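**Student:**
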DNA sequence: CAACATTAGATGTCATAACATCAATATAGA
DNA sequence: TCTATATTGATGTTATGACATCTAATGTTG
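Protein chains in written order, with my numbering: chain A, 56 to 209; chain B, 56 to 209.
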């Protein structure tokens, strides 16, 4: 198995094992990792249309309507028809959603601490730089770049 | 967004974008990325029980019975009852499965070349080392370590 | 102003993915 | 020899995840 094949499996392993840890940390909040990303993005950039949300999510492509359905059902997100375009919906957090988003931010910190106990920040930086080489021009990489760019200019 | 949070999203982005590329390369062979991993592991270590297979798969935990069902239906894997233990099944590739596994190996090479055009082998090595720090003691990391160890001692 | 193109989002379908539960079978110990 | 426990794998359930298709609404062009 060469380095690139090992890399591919390691990325999968890191994603699966990391996601499982994240899911168990989030379980008390009643959200899944994908839903927590939605709450995090809305907390930062709301209001957003489905399409605008989709462009900022790493976990989803296109129009995340079913992902958002679950959060609407849980009363964490409010979906209203855009005033000037009946095709569009505007998505905002409810009070409950905002509260959960704050708790999700706490879980993020907990997860970062756990990861930080396994890998140094220098090594983490090297991994990030390497992965950016791979995903910079790809859809999920673009979504993350958009998020990072907007976070710095808001 | 700190380095560890960025790392988490980058791993997700790399996994999703990489998986999509792999899926499109594999589509002509009629298998999904997860199924291709099964064929790859069986080609190397057959015959295996479901549980033994599961211990060597990064893409799956536990007993991958539904994953294997699809390959049995596609006549790439043959499932027989173990002679000495009626709970166990023995899994082997069929001729068709072996042929597809060879084609999957070719796709792996194509994917490695594509990744190699985006990231240097030195950087890829650094990413691998960093990710090993994270997953070494976790289930998917253990599965990959088992595979690598056995590949070197067979 | 009407026809056509494009956009936004919902839904269908199939394959995971994770956790839990259950049935059949093998093993260990009294 | 019998019972309790452990093991193996199948199945149920819910939530994605990706691609495709469809409907409703808006924008553009002649």
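For each residue, glycine too, the CB sits at the ideal point set by N, CA and C. Please read all numbers here as calculations on a predicted model, not as lab measurements.
Pair every Cβ in the segment 116 to 134 of chain A with every Cβ in the segment 56 to 72 of chain A, then say whether three or more of these pairs are closer than 8 Å.
**Tutor:** Result no; under three Cβ-Cβ pairs closer than 8 Å.
**Student:** Considering only C-alpha positions, which residue in the set B/107, B/193, B/174, B/149 is nearest to residue 205 of chain B?
**Tutor:** With distances taken between Cα atoms, residue 205 of chain B lies closest to B/107.
**Student:** Between residue 72 of chain B and chain A, is any beta-carbon pair separated by less than 8 Å?
**Tutor:** Interface residue, yes.
**Student:** Does the Cβ-Cβ distance between residue 183 of chain B and residue 61 of chain A come in under 8 Å?
**Tutor:** A contact, by the Cβ cut-off of 8 Å.
**Student:** Taking DSSP's pairing of strands, which residues face residue 147 of chain B in a bridge?
**Tutor:** According to DSSP, which records beta bridges pairwise, residue 147 of chain B is partnered with B/133.
**Student:** Going by C-alpha to C-alpha distance, which of B/100, B/154, B/141, B/163 sits closest to residue 74 of chain B?
**Tutor:** Checked all of B/100, B/154, B/141, B/163; the closest Cα to residue 74 of chain B is B/163.
**Student:** If the criterion is Cβ atoms closer than 8 Å, does the pair residue 153 of chain B and residue 98 of chain B meet it?
**Tutor:** The answer is yes: Cβ separation under 8 Å.
**Student:** So, helix, strand or coil for residue 124 of chain B, using DSSP?
**Tutor:** Of the three classes helix, strand and coil, the one that applies to residue 124 of chain B here is helix, per DSSP.
**Student:** In angstroms, rounded to a whole number, what distance separates the CA positions of residue 157 of chain B and residue 201 of chain B?
**Tutor:** Whole-angstrom Cα-Cα distance: 22 Å.
**Student:** Can you list, in chain order, the residues of its chain whose CB lies under 7 Å from that of residue 116 of chain B, leaving out five sequence neighbours each side?
**Tutor:** Closer than 7 Å at the Cβ level, and outside the excluded window around residue 116 of chain B, lie 109, 194.
**Student:** Give the secondary structure of residue 139 of chain A by DSSP, where H, G and I count as helix, E and B as strand, and everything else as coil.
**Tutor:** If DSSP states are grouped into helix, strand and coil, residue 139 of chain A belongs with coil.
**Student:** Smallest Cα separation from residue 123 of chain B: which of B/140, B/96, B/170, B/82?
**Tutor:** Cα-wise, what sits closest to residue 123 of chain B is B/96.
**Student:** Would you check if the distance between the CB atom of residue 94 of chain A and the CB atom of residue 88 of chain A is smaller than 8 Å?
**Tutor:** Contact flag unset, no.
**Student:** Please state whether DSSP places residue 97 of chain B in a helix, a strand or coil.
**Tutor:** Three-state DSSP puts residue 97 of chain B in a helix.
**Student:** What are the residues that DSSP puts in a beta bridge with residue 212 of chain B?
**Tutor:** The shown model of chain B, from 56 to 209, leaves out residue 212 of chain B, and the question about it has no answer.
**Student:** What residue range does the alpha helix (DSSP H) around residue 206 of chain A cover?
**Tutor:** Per DSSP, residue 206 of chain A belongs to the alpha helix (DSSP H) from 194 to 207.
**Student:** Quick one: which chain B residues come within Cβ less than 8 Å of residue 117 of chain A?
**Tutor:** Those do not exist, as residue 117 of chain A stays about 12 Å from chain B at its closest Cβ, beyond 8 Å.
**Student:** When burial is assigned at 16 or more other CB atoms within 10 Å of the CB, is residue 128 of chain A buried or exposed?
**Tutor:** Exposed is the call here.
**Student:** Do the CB positions of residue 86 of chain B and residue 199 of chain B come within less than 8 Å of each other?
**Tutor:** Against a cut-off of 8 Å, the Cβ pair of residue 199 of chain B and residue 86 of chain B comes out as no contact.
**Student:** From residue 79 of chain B to residue 104 of chain B, what distance separates their C-alpha atoms?
**Tutor:** Straight-line Cα distance between these residues: approximately 29 Å.
**Student:** Using the three-state DSSP reduction, which class does residue 88 of chain B fall into: helix, strand or coil?
**Tutor:** Residue state, collapsed to three classes: helix.
**Student:** So residue 58 of chain A packs on residue 160 of chain B, CB below 8 Å; how close in whole Å?
**Tutor:** 16 Å between Cβ atoms; not a contact.
**Student:** Would you tell me roughly how many angstroms separate the C-alpha atoms of residue 174 of chain A and residue 140 of chain A, rounded to the nearest one?
**Tutor:** Their backbone Cα atoms lie some 48 Å apart in a straight line.
**Student:** Report, in whole angstroms, the separation of the C-beta atoms of residue 185 of chain A and residue 181 of chain B, which I expect to be a contact under 8 Å.
**Tutor:** The Cβ separation is near 6 Å, so the contact holds.
**Student:** Rounded to whole angstroms, what is the Cα-Cα separation between residue 77 of chain A and residue 166 of chain A?
**Tutor:** Spanning the two alpha carbons is a distance of roughly 7 Å.
**Student:** Reducing DSSP to helix, strand and coil, say where residue 191 of chain A ends up.
**Tutor:** Here residue 191 of chain A sits in coil by DSSP.
**Student:** Between which two residues does the alpha helix (DSSP H) containing residue 73 of chain B stretch?
**Tutor:** Segment 58 to 81, the alpha helix (DSSP H) holding residue 73 of chain B.
**Student:** Pull out every residue of the segment 129 to 161 of chain B whose Cβ sits closer than 7 Å to any Cβ of chain A, in chain order.
**Tutor:** Per Cβ criterion, the list is empty.
**Student:** Within 10 Å of its beta-carbon, does residue 155 of chain B have 16 or more other beta-carbons around it, so buried, or fewer, so exposed?
**Tutor:** Result: buried.
**Student:** Near residue 91 of chain B, what residues of its chain come up, given a Cβ to Cβ distance below 6 Å and the 5 sequence neighbours on each side ignored?
**Tutor:** Within the same chain, residue 91 of chain B has close Cβ partners 81, 159.
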